[in-house]
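Novice: Sharing a structure with you now.
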Amino acid sequence: MPRTSSPTTVSRAASNFLLAAAATFAMANAHAQAWPTKPVTLVVGTPAGGSVDAYGRALADQLARQTGGNFVVENKGGANGNLSAEQVRNAAADGHTLWISTQAMFTINPSVYPAMRWKQSDFKPIAKGIESPLVLVTHPSVPAKTLPDLVKWVSANPGRITYASFSPGTPSHFLGFQLNERFKLDMVHVAYKGSAPQITDLLGGQVLLGFTQLQAALPYVQSGKLNAIAVTSKDRTRFMPQVPSLAELGHPDLSATVWFGLMAPSATPKAVLDQVQAATVKAQAQADYKARLEAQGFDVPQEHGDAFAATIAAETARWAQVVKATGFRAND
């Protein structure tokens with residue numbers, strides 16, 4: 175006769191199966207919730223001391239407080255952020271090496287570096303951390319105080335007026351090109367290696383105008399050492415409420431903002447990505463964190479995940495067209 179199991183044996187086996195399944199689920203859930211399990215490195219694609227570095231350190235401090243983990247900032251400048259992108263792409267995709275990118279690095283570099291050794295799909299956008307317009311400023315010796323007067327003055331001096339950008343291959347560079355195209359001007363581009371040297375030469379009158387970071391220009395506009403002509407946000411910014419926007423002046427297609435954001439390697443497990451994003455979104459909602467960045471002239475948006483990815487796609491397409499029109503190519 176065939177052997178049969180007693181009800182007690184079946185019950186015991188079922189109980190053991192359920193206990194094993196519960197233990198497995200608990201272990202998997204604990205693993206998913208464990209981030210971070212070791213120090214997290216936020217790799218910043220610029221040298222220490224600049225605006226991107228300040229954002230990275232503010233985020234590192236806030237995430238450490240929230241998670242109890244150890245967060246460190248590592249500065250990896252070079253090739254307009256490409257070296258930092260490569261470092262993070264090549265690191266273990268476990269949520270413990272993340273990239274602080276900028277709008278120019280992520281949405282413009284793919285169009286200006288023909289031999290770039292990373293691609294956008296290598297990364298998962300986590301959150302847009304800060305956002306800010308640029309501001310078109312002039313040295314006080316420039317007789318024009320409004321955009322129409324500036325256009326008239328530059329038109330009267332073809333080939334003699336230079337405009338400064340804080341780096342080639344950035345909105346600061348390309349907005350000057352678009353201004354030339356829009357008004358049929360003949361300004362000469364002078365590229366700098368950062369906002370600090372750009373501002374220094376604008377203050378000294380070595381160059382007379384340029385699109386620069388609002389945060390860098392703000393104290394000098396307030397003190398009258400630079401004149402602000404227009405900001406590049408769609409509306410006026412609360413940090414310079416007296417200055418019109420280019421959109422307000424009838425040029426909405428010249429609107430642009432710069433942002434810094436957090437990226438993770440796309441191969442990172444979804445459970446870890448979810449943890450990183452949740453912690454970052456929570457950090458950006460904290461009043462003291464927002465106040466720290468707003469004191470530097472930054473807005474702290476609540477844009478993350480799919481919404482952030484959609485912004486990136488739209489901006490990449492927009493700047494690709496501009497780059498093609500300029501014919502600009504960078505050396506990696």
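In our numbering, the protein residues as written are 175 to 506.
Here a beta-carbon is modelled for each residue, glycine too, at the ideal position from N, C-alpha and C.
Tell me where the alpha helix (DSSP H) around L259 begins and ends.
Specialist: First, the residue type needs correcting, since residue 259 is Ala and not Leu in the sequence shown. Start and end: N256 to N264.
Novice: Does the segment 372-383 come within contact of the segment 441-461, defined as at least 3 CB pairs closer than 8 angstroms?
Specialist: no
Novice: Leaving out five residues before and five after K498 in sequence, what residues of the same chain have Cβ atoms less than 8 angstroms from its Cβ?
Specialist: S285
Novice: Please tell me whether N264 and A504 are closer than 8 angstroms, where the distance is taken between their beta carbons.
Specialist: no
Novice: Does the segment 467-483 touch the segment 221-229, meaning 3 or more C-beta pairs lie closer than 8 angstroms?
Specialist: yes
Novice: For a quick check, are the C-beta atoms of Y463 and A232 less than 8 angstroms apart?
Specialist: yes
Novice: From G343, T336 and L353, pick the residue whose C-alpha is nearest to that of D375; which is it?
Specialist: T336
Novice: I'd like to know if the segment 427-442 and the segment 271-282 are in contact, where contact means that at least 3 CB-CB pairs between them fall below 8 angstroms.
Specialist: Yes, the segment 427-442 touches the segment 271-282.
Novice: On the DSSP letters alone, give me the boundaries of the beta strand (DSSP E) that Q387 sits inside.
Specialist: L383 to Q387
Novice: Indicate whether L447 and F413 have their beta-carbon atoms separated by less than 8 angstroms.
Specialist: no
Novice: Who are G252's beta bridge partners in DSSP?
Specialist: Its beta-bridge partners do not exist; DSSP assigns none.
Novice: When the Cα of A417 is compared with those of S329, T500 and L308, which residue comes out closest?
Specialist: Note that residue 417 corresponds to Val in the displayed sequence, not to Ala. Looking at the Cα atoms, L308 is the closest of the given residues.
Novice: Closest to S275 by CA distance: which of Q294, A267 and A452 is it?
Specialist: Q294
Novice: Can you name the start and end residues of the alpha helix (DSSP H) that T281 belongs to?
Specialist: First-last for T281: undefined, no H or E at that position.
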